[in-house]
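Participant:
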Amino acid sequence: LEFGVIDNGTASFFNSTVAFNKNGGIENRGTLSLTNTIVAQNKGSGDCVGAATTSDHSLDSDGSCGVGALSNKNPLLQTLQNDGGSTPLHSLKPGSPAIDAGNTATCLTTDQRGAARPDVPSTPCDIGADEYNATAPTIKVPANITTEAISSEGAVVTYTAEATDSDDLVRSFSCTPSSGSTFPDGTTTVTCTATDGHENTATTSFKVKVWCPTKGFCTSFTPPESIGAFGEPGAVAVDSSGNIWVADTGL
């Protein structure tokens with residue numbers, strides 16, 4: 345926005361975030377009350393033109409709002425985007441001084457997204473429109489996969505993996521190598537990584553083993569101590585040195 349808010353009368357902010365406006369944050373021409381509120385990173389005239397009349401557990405980034413202890417602090421805000429709920433907001437980054445810095449007695453019960461305040465019971469709430477949550481996403485991957493090579497290049501392997509988050513949106517999720525890739529003979533580790541709206545990251549992995557059905561079919565496969573882990577009893581595989589491996593009927 346050009347200017348966040350122009351107050352010509354009485355304005356009261358509760359758990360709000362006024363940030364990244366082009367010409368200024370709040371212009372106070374009357375009575376301004378800031379409660380558990382962030383006014384930060386505003387350009388032009390800065391965060392406040394005319395300090396707040398009253399302030400309770402609030403934060404500014406340039407010292408112009410008269411908020412007290414958290415004046416002239418960087419709140420570590422993310423860019424405006426959706427992190428759940430019906431409207432976009434500036435989510436808090438890990439390490440933000442706004443985390444657990446609010447006044448519990450005056451905090452709203454939910455943040456802009458509808459997430460509960462505080463995120464951890466019996467702790468202070470956060471300052472601003474967002475309630476930070478440090479819980480990383482949960483990633484579900486398949487059990488280790490074993491399959492037979494279909495060419496000298498190995499085998500095309502498809503799998504299903506997913507990431508969920510109890511509090512935030514999952515902003516990014518990927519697995520490498522991806523499902524549908526050609527996996528070479530031998531053992532390949534698939535690594536999956538997910539990051540949520542509060543920049544919490546989770547990583548997990550599983551293994552894909554590709555074995556060779558005939559001599560000369562593959563170039564670098566070295567079977568484990570028993571090929572029984574790769575096939576039905578009696579299955580045969582040949583390693584790169586020409587050694588023949590037969591599945592142990594006892595496995």
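If you read the sequence shown in the numbering used here, its first letter stands for residue 345, the second for the next number, and so on. From the three backbone atoms N, C-alpha and C, an ideal C-beta is built for every residue, glycine too.
Which stretch, first to last residue, makes up the beta strand (DSSP E) that contains G530?
Facilitator: Taken as a continuous stretch (DSSP letters only), the beta strand (DSSP E) holding G530 covers G530 to D540.
Participant: Determine, using beta carbons only, whether D294 and D444 come nearer to each other than 9 Å.
Facilitator: Summary: the structure shown does not reach residue 294, with the chain confined to residues 345 through 595, and so no result is reported for it.
Participant: Excluding the 5 residues flanking P557 on each side, which residues of the same chain have their C-beta closer than 6 Å to its C-beta?
Facilitator: Taken in chain order, the residues that qualify are E492.
Participant: Per the DSSP calculation, H401 is bridged to which residue(s)?
Facilitator: Answer is none; H401 lacks a bridge partner.
Participant: Pick helix, strand or coil for R515, following the three-state DSSP scheme.
Facilitator: Three-state result, R515: strand.
Participant: Just grab the DSSP bridge partners of C556 for me.
Facilitator: Answer by DSSP bridge pairing: none, since C556 is not bridged.
Participant: Considering just the uninterrupted stretch of the beta strand (DSSP E) at S525, what are its terminal residues?
Facilitator: Looking at the DSSP string, the run of the beta strand (DSSP E) that includes S525 is S525 to F527.
Participant: Quick one: what's got a C-beta closer than 6 Å to S356's C-beta in the same chain, skipping five residues either side?
Facilitator: S377, listed in sequence order.
Participant: Would you grab the beta carbon distance between V393 and G368 for me? Rounded to a whole angstrom, and I think it's under 8 Å.
Facilitator: With a Cβ gap of about 6 Å, V393 and G368 count as contacting.
Participant: Run through DSSP, which three-state label would L420 get?
Facilitator: Three-state result, L420: coil.
Participant: Please name the residue, chosen from A459, R457, Q456 and T531, that lies closest to N488 on a Cα-to-Cα basis.
Facilitator: Looking at the Cα atoms, T531 is the closest of the given residues.
Participant: Where does C289 sit, in a helix, a strand or coil, going by DSSP?
Facilitator: Past the edges of the chain, shown from 345 to 595, lies residue 289, and the structure says nothing about it.
Participant: Taking 8 Å as the threshold, find out whether the region 471–484 comes into contact with the region 493–501 through three or more Cβ pairs.
Facilitator: The region 471–484, when compared against the region 493–501, does not touch it at the 8 Å Cβ threshold.
Participant: So, for T533: in the same chain, excluding its five sequence neighbours on each side, which residues have a beta-carbon less than 7 Å away from its beta-carbon?
Facilitator: Excluding positions up to five away in sequence, the list reads S549 and K551.
Participant: Among V554, G524 and A507, which one has its Cα closest to the Cα of E545?
Facilitator: According to the sequence displayed, residue 545 carries Thr and not Glu. Measuring from the Cα of T545, the nearest candidate turns out to be A507.
Participant: Closer than 8 Å: is that where the CB of L403 sits relative to any heavy atom of the ligand ADP?
Facilitator: Looking for the ligand ADP in the displayed structure turns up nothing, as the structure carries no ligands at all.
Participant: Output needed for N426: all residues of its chain with C-beta closer than 6 Å, excluding positions within five of it in sequence on either side, in chain order.
Facilitator: So the qualifying residues of the chain are P432.
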